Structure formats: structure tokens, C-alpha cells
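Here's the structure, in C-alpha cells; my notes come after.
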Amino acid sequence: MLQLEGVTKRFGRREVLQRTDLSLENGVIGLLGPNGAGKTTLLRLLATVYEPTAGSIRLNGISWSGQPEEARKRLGYLPQHVGLFPALSAHEYLDYVAILRGMASGKERGERIRQVLREVNLEEQAATKIRKFSGGMKQRLGIAQAIIHDPELLLVDEPTAGLDPEERLRFRGLVRRLAERRIVLLSTHIMEDVSMTCDSVCMMKQGRLQYFGALEEVLKLAAGKVWTARVTADVYRQLEGRPDIQIIQASDAGGLQSLRLLAEERPIPDAQPAEPSLEEGYMKWLKGH
Ligand SMILES: Nc1ncnc2c1ncn2[C@@H]1O[C@H](COP(=O)(O)OP(=O)(O)OP(=O)(O)O)[C@@H](O)[C@H]1O
Numbered sequence: 044m045l046q047l048e049g050v051t052k053r054f055g056r057r058e059v060l061q062r063t064d065l066s067l068e069n070g071v072i073g074l075l076g077p078n079g080a081g082k083t084t085l086l087r088l089l090a091t092v093y094e095p096t097a098g099s100i101r102l103n104g105i106s107w108s109g110q111p112e113e114a115r116k117r118l119g120y121l122p123q124h125v126g127l128f129p130a131l132s133a134h135e136y137l138d139y140v141a142i143l144r145g146m147a148s149g150k151e152r153g154e155r156i157r158q159v160l161r162e163v164n165l166e167e168q169a170a171t172k173i174r175k176f177s178g179g180m181k182q183r184l185g186i187a188q189a190i191i192h193d194p195e196l197l198l199v200d201e202p203t204a205g206l207d208p209e210e211r212l213r214f215r216g217l218v219r220r221l222a223e224r225r226i227v228l229l230s231t232h233i234m235e236d237v238s239m240t241c242d243s244v245c246m247m248k249q250g251r252l253q254y255f256g257a258l259e260e261v262l263k264l265a266a267g268k269v270w271t272a273r274v275t276a277d278v279y280r281q282l283e284g285r286p287d288i289q290i291i292q293a294s295d296a297g298g299l300q301s302l303r304l305l306a307e308e309r310p311i312p313d314a315q316p317a318e319p320s321l322e323e324g325y326m327k328w329l330k331g332h
């Protein structure tokens, strides 16, 4: 179990992460929040890149501040921009990472690299130079370097940005498999990543972790507040101007606008209630706090 108690990060006078308490168990946990909310800061604290200004981080009895070397053995990190070496092959790069990780035996490294490449589905590209890799292949190699030492905690920062739909699906499958026996914390802006892979979510805003719960609970935040309606262009304009309404989707439907919107009360008499999506639960939370 990963436990954060009172974790705070300040840069100068600015509190970028306010007192955070959190306990996480194995599974994929989504980390959501608008730009600048503090998600990367939280991941960097967990990755021991930053030291907390106050508070403690522990994973299965290991203290991040007391035993940073032990902590690093237990965590893997795929940052937003990972520095891969284009001139190396996937195998050569992972061999280099494994040596840095302290794996002295060449035989042991070779076996582990083959295993990890199989896990991320790059077995056949072992000898291919990284410069020839697609964006999705690079991200999977990024995961391979993060799990080479079989960590208990995997931190992943916006991994699917820029991937095509097929690679995105493949990446999600990989993350789910990896979470069967470890904690995976996945920061993303892509709601579909969350709904397809996560068991629970942490939602952050302005340096505060304001929400932690199961996906179903996020949906409930918008229950009874999602509406659909078909309206004329005039009514659409009026609705757009109303502060109590948030238009989630609008599409042209035979001269009318087909709308999906968030509102506490039925916004117009013809509006029909609809089942909320995860994105709508998130939008409701974002507006309401
Ligand atoms: N080293 C630093 N020194 C000063 N301020 C920083 C530093 N790192 C981050 N910040 C500030 O902390 C806030 C949170 O940044 P952070 O990168 O953690 O947000 P984020 O939620 O990951 O955003 P995004 O979704 O855009 O990646 C931002 O306002 C940022 O400007």
C-alpha cells in the first residue's frame, strides 16, 4: 500500500501541492485535473525527483525520505518526455537502463530484457534502432524502462497524448495488465483513458487533491444533471448565455441543434434526462469546486 501523509510541496512561497493524505492499493488510479493542478508535481514527489517540504510517503513499509535508494528500487517512472537514445536499439537501451539499475549479470539482464520486451509487445523490435520507432512504440519502450526492475509502483505522466487510436488501445491494455500486481498512477487529460483503464480516480485542482473515489462515484456527481434536447439555433444561443448551463456537446441534426448539457434543473421543458458519462461527472466536479 502507498501512503501519503500531509505531503506538501512549496517552491519559494508558492504552495504547489497542499497537504495531501492518500492511501492507494494495487490497480490503476487515474490522476485528473486541469493544467497546472499539480499532477506532475505529485508524480515527481512520488518518483523522488522532488523532496516534500513536509509530510511523508511510504510504500509497503519503506519510507521515501528515510530510505530513498530503497524507494527508487520500488518505483518506475515514465515522465511526460522521456529521453530515449535514438541511435541505440531497444535492447541496447534497456541494457543500459538495467546496468544503471544495478543489474550486474549480463545473463540476468538479457533474460529480463527479453521478458520486458515481450510484456510491452516489442519483442520483434529488440534490434531496431529507436529512431525508427513510432510514437506508440516509444511509449511502450518508455514503459519497458520503467518496469525493468519489476517495481511495485508505476508512475505514468500523460502517456497516450499524440498516440493514434490503435496504439492508445494497445497502451491501455498494457497498463491494465501491469496493474494486476502493482499500483499504477496514471496522469491524463484523456477521459477515455480513465474510463477504459482506471479502477479509481484522484482529482486535483489548484494544488489540492480534492477527490478520491471509485469511477462509479464520479459518474454519480452528474446523476440527474445531464440533459439532452433538440433546439433551434436561437434557443441554442440563449442556452449558451445561461450561467447555470454547461453545454457538453452540440451537433447539427436536420436544421436543429442536438445538445447534451449539464444543469441542476431541467433547463427547458423539452429537455430529456440522460445517463452521465465520466467526463460529465468530472466537469460537474470541476465547476462545483
Ligand atoms: N519547479 C517549479 N518551480 C516553481 N513552480 C513550479 C515548479 N514546477 C511546477 N510549478 C508550478 O506548479 C503548478 C503545478 O504544476 P504541475 O506541472 O504539477 O501541474 P500539472 O497538473 O501537471 O499540469 P499539466 O496538466 O499542464 O501537466 C504550476 O502552476 C506550475 O507553474
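Numbering of the sequence shown is given in our numbering, commencing with residue 44 and proceeding in unit increments.
No residue lacks a Cβ here, since even glycine has one placed at the ideal position from N, Cα and C.
Model, not experiment: these values are computed from the prediction.
| Item | Value |
| --- | --- |
| Same chain only: Cβ atoms within 8 Å of E283, ignoring 5 sequence neighbours per side | I290 |
| Per-residue burial, M326 [other beta carbons within 10 Å of its own, 16 or more giving buried] | buried |
| Local conformation of K116 per DSSP, three classes | helix |
| Which listed residue (R285, D295, L302 and R87) has its alpha carbon closest to that of D313 | L302 |
| Pick from T275, A296, V50 and R213 that is closest to E162, judged by C-alpha positions | R213 |
| Spatial distance of E209 from G179 (CA atoms) | 9 Å |
| Which residues DSSP lists as bridging F255, in chain order | C245 |
| Exposure label - L143; buried when at least 16 CB within 10 Å | exposed |
| L36 CB to nearest heavy atom of ligand 1 below 8 Å | One cannot answer for residue 36 here, as it falls past the ends of the chain, which runs 44 to 332. |
| Within 9 Å, strictly: CB atoms of E195 and L118 | yes |
| Sequence ranges, beta strand (DSSP E) only - wholly within the region 71–149, length at least 3 | 97–102 and 118–121 |
| Inter-residue CB distance, A265 and G324 (contact presumed, cutoff 8 Å) | 5 Å |
| G250 classed as buried or exposed, judged by whether at least 16 other C-beta atoms fall within 10 angstroms | buried |
| heavy atom of ligand 1 below 8 Å from N164 C-beta | no |
| T63, enclosing beta strand (DSSP E) - first and last residue | R57 to L67 |
| Reference K172; option with closest CA among Y139, H134 and G267 | H134 |
| Q253 CB to nearest heavy atom of ligand 1 below 8 Å | no |
| Cβ pair K268, E307 closer than 9 Å | yes |
| Buried or exposed by the 16-neighbour rule on C-beta atoms within 10 Å, applied to K175 | exposed |
| Cα-Cα separation between A80 and A189, rounded to whole angstroms | 24 Å |
| Start and end residues, beta strand (DSSP E) containing F214 | F214 -> not in any beta strand (DSSP E); alpha helix (DSSP H) instead, spanning P208 to L221. |
| Ligand 1 heavy atom lying under 8 Å from the CB of H232 | yes |
| Buried/exposed call for P111, threshold 16 Cβ in 10 Å | exposed |
| Straight-line gap, V261 to L321 (C-alpha atoms, nearest Å) | 6 Å |
| contact_flag[the region 225–243, the region 47–64] where n(CB pairs < 8 Å) is 3 or more | no |
| Any non-hydrogen atom of ligand 1 closer than 8 Å to A90 Cβ | no |
| Among I226, L305 and L127, nearest to P286 - alpha-carbon criterion | L305 |
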